[in-house]
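The opening residue of the sequence shown carries number 1 in the UniProt record's numbering; numbering runs sequentially from there.
All C-beta atoms in this analysis are idealised placements derived from N, C-alpha and C, irrespective of residue type, glycine included.
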Amino acid sequence: MIQTLQQILKLLDQNWRSFFKSIEEWNNNKDEHLGRLKLSKYKKKNGRNIIIFTNQNCKSKDRYIKIPKIMNKQKLTTKISGKLQQVRIIPKRSITS
Numbered sequence: 001m002i003q004t005l006q007q008i009l010k011l012l013d014q015n016w017r018s019f020f021k022s023i024e025e026w027n028n029n030k031d032e033h034l035g036r037l038k039l040s041k042y043k044k045k046n047g048r049n050i051i052i053f054t055n056q057n058c059k060s061k062d063r064y065i066k067i068p069k070i071m072n073k074q075k076l077t078t079k080i081s082g083k084l085q086q087v088r089i090i091p092k093r094s095i096t097s
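See the structure below:
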């Protein structure tokens with residue numbers, strides 16, 4: 001689980017660095033941008049967020065990806081070409097059961 005948290009923090013750090021780089025570019029060339037950049041609006045604390053599993057957390061066999069017990073109710077089927085490095089689960093819409 002620690003690897004999953006590290007990957008999320010890594011993604012957050014990458015997003016902040018990108019934002020500050022964009023602000024710097026905006027300060028240098030204001031004519032090329034539509035307006036001053038704003039911070040992204042983050043999802044609610046109790047909302048649905050991205051989760052990232054590394055190859056240390058999950059395994060692949062045939063066309064199935066086995067993920068930790070925390071997500072045991074979901075079965076993932078996908079095409080994998082090459083070595084499994086990372087699985088990102090990005091919620092797109094609400095699923096009611």
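Straight-line Cα distance separating residue j from residue i
i: Ser97; j: Ile67; result: For Ser97, the predicted structure reports a pLDDT of 49, less than 50, and the residue's modelled location is therefore unreliable. A value from the coordinates is still provided. So the two alpha carbons sit approximately 21 Å from each other.
i: Phe53; j: Leu39; result: 26 Å
i: Glu25; j: Trp16; result: 14 Å
i: Asp81; j: Ile23; result: The sequence shown places Ser at residue 81, not Asp. When rounded, the distance between both Cα atoms is 38 Å.
i: Glu32; j: Ser60; result: 45 Å
i: Asp13; j: Leu34; result: 25 Å
i: Asn29; j: Ser18; result: 16 Å
i: Phe20; j: Lys41; result: 15 Å
i: Leu9; j: Lys92; result: 21 Å
i: Asn27; j: Leu5; result: 33 Å
i: Ile51; j: Leu11; result: 11 Å
i: Arg88; j: Lys69; result: 16 Å
i: Asp62; j: Leu37; result: 45 Å
Cβ separation of residue i and residue j, assumed to be a contact under 8 Å, to the nearest whole Å
i: Gln7; j: Asn55; result: The Cβ separation is near 11 Å, so there is no contact.
i: Asn49; j: Gln3; result: Not a contact, Cβ separation roughly 17 Å.
i: Leu78; j: Ile65; result: In the sequence on display, residue 78 carries Thr and not Leu. Between Ile65 and Thr78 the Cβ distance is about 6 Å, and since that is below 8 Å, they are a contact.
Per DSSP, cross-strand counterpart(s) of residue i
i: Gln86; result: Thr54
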